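Down below is the structure, laid out as structure tokens.
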Amino acid sequence: MSEFASLGRRDGRKAYEIRGFRCELGYLERADGSCRLEQGKTQVVAGVYGPLEARGRNELPDKTFVDVSIRPCQGYAADYLRLRERELKEIFVATIAAELQPRSCVSLVIQIIENDGSLKAAMINACMLSLLSAGIPCNWIASSCTVSYHSKDTFLLDPTLVEELEGHATAVISYGFEGPKPVPSHNLIGLSCSGFVSSKDIYFSSLSYSQEACKKVYEFIQLVTKRSQTIDGEQLSGIDH
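Numbered by UniProt numbering, the letters in the sequence shown go through residues 1 to 241 in order.
Written out as structure tokens, the structure is:
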């Protein structure tokens, strides 16, 4: 990785650098919390509705029911969307302090505007920003990063869509930072991988780099929520290994 890290990518980044962010909180007028997040050319809008009174089978006597819905721009298979909804729900069922408001419902709605890679990570980061915007109590702050695995000893953080298609495996890794509850498994709260990573060493190396990248994303989330306004984030690098 050390040799490859110095090589440039099409957009000028090094292998371990993630793209710049732009975030606008309160983007949706009728949502309780929302944001528009741009991560490079990937753009999503997330809205949070609730907590509202849960009804029917969504009413849980000891915790909040969490619902996730993804609305695509076009061209996404239903199976792909349902899988992503389930994956995001798992992360935010754990992230939201659900026991504080039993018999209630929180709905997360994500609109895909443009996909230029690392889409699932962008959706997770946008949902987290929207939850904080809505004032929903959370156990920790979730942040996410994508890793694209290429040759036997190389990987790229925050890949573009072209870089994802050129790779032979992709992982989306999510970490939790600083909350009222301890985060399990060294801050790791979500990990999904498609494809086959041929080298165990490069896999564990990518986990280390991705955790540093997620920390940068977490710092950006903190900055946005403290200022409660539109923020442009410069290209996030500074991951020293």
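Positions of the beta carbon are idealized from the N, C-alpha and C atoms, including for glycine.
Predicted, not measured: the structure shown is a model, and the values here were computed from it.
Cutoff 8 angstroms; reference residue i; Cβ partners in own chain excluding five residues on either side
i: residue 74; result: none
i: residue 44; result: 36, 37, 110, 111, 112, 113, 119, 122, 123, 126
i: residue 11; result: 19, 40, 160
i: residue 69; result: 85, 107, 108, 109, 110
beta-carbon residue i near the ligand GDP non-hydrogen atom, thresh 7 angstroms
i: residue 24; result: Questions concerning the ligand GDP fall outside what the structure shown contains, since it holds no ligand whatsoever.
Counted within 10 angstroms of its Cβ, other Cβ atoms place residue i as buried (16 or more) or exposed
i: residue 47; result: buried
i: residue 157; result: buried
i: residue 209; result: buried
i: residue 167; result: buried
i: residue 196; result: exposed
i: residue 227; result: exposed
i: residue 218; result: buried
i: residue 82; result: exposed
i: residue 88; result: buried
i: residue 56; result: exposed
i: residue 239; result: Summary for residue 239: the model assigns pLDDT 48, below 50, so the residue's position carries little reliability, and this model does not support an answer.
i: residue 31; result: buried
i: residue 86; result: exposed
i: residue 84; result: buried
Assumed close pair residue i, residue j - CB separation to whole angstroms, cut-off 8 angstroms
i: residue 64; j: residue 96; result: 6 angstroms
i: residue 49; j: residue 107; result: 4 angstroms
i: residue 192; j: residue 171; result: 7 angstroms
i: residue 133; j: residue 33; result: 3 angstroms
Separation of residue j from residue i, as counted between CA atoms
i: residue 26; j: residue 131; result: 11 angstroms
i: residue 21; j: residue 8; result: 20 angstroms
i: residue 211; j: residue 51; result: 31 angstroms
i: residue 298; j: residue 28; result: In the structure displayed, the chain extends from 1 to 241; residue 298 sits before or after that span and is not available.
i: residue 163; j: residue 60; result: 42 angstroms
i: residue 136; j: residue 152; result: 42 angstroms
i: residue 214; j: residue 204; result: 15 angstroms
i: residue 206; j: residue 17; result: 12 angstroms
i: residue 13; j: residue 58; result: 45 angstroms
i: residue 146; j: residue 173; result: 6 angstroms
i: residue 141; j: residue 93; result: 13 angstroms
i: residue 78; j: residue 72; result: 10 angstroms
i: residue 67; j: residue 222; result: 24 angstroms
i: residue 202; j: residue 194; result: 16 angstroms
i: residue 150; j: residue 80; result: 23 angstroms
i: residue 76; j: residue 117; result: 14 angstroms
Cβ shell of residue i (< 7 angstroms), same chain only, five flanking positions each side left out
i: residue 115; result: 42, 161
i: residue 138; result: 95, 96, 97, 131, 179
i: residue 224; result: 23, 25, 129, 231
DSSP beta-bridge partners of residue i
i: residue 67; result: 107
i: residue 27; result: Its beta-bridge partners do not exist; DSSP assigns none.
i: residue 155; result: 149
i: residue 35; result: 25, 46
i: residue 138; result: 96
i: residue 114; result: 43
Residues of its chain near residue i, where Cβ-Cβ distance is below 6 angstroms and the 5 sequence neighbours each way are ignored
i: residue 54; result: 65, 103, 104, 105
i: residue 187; result: 175, 176
i: residue 100; result: 137
i: residue 148; result: 156, 159, 163, 164, 167, 170
i: residue 190; result: 91, 174
i: residue 62; result: 102
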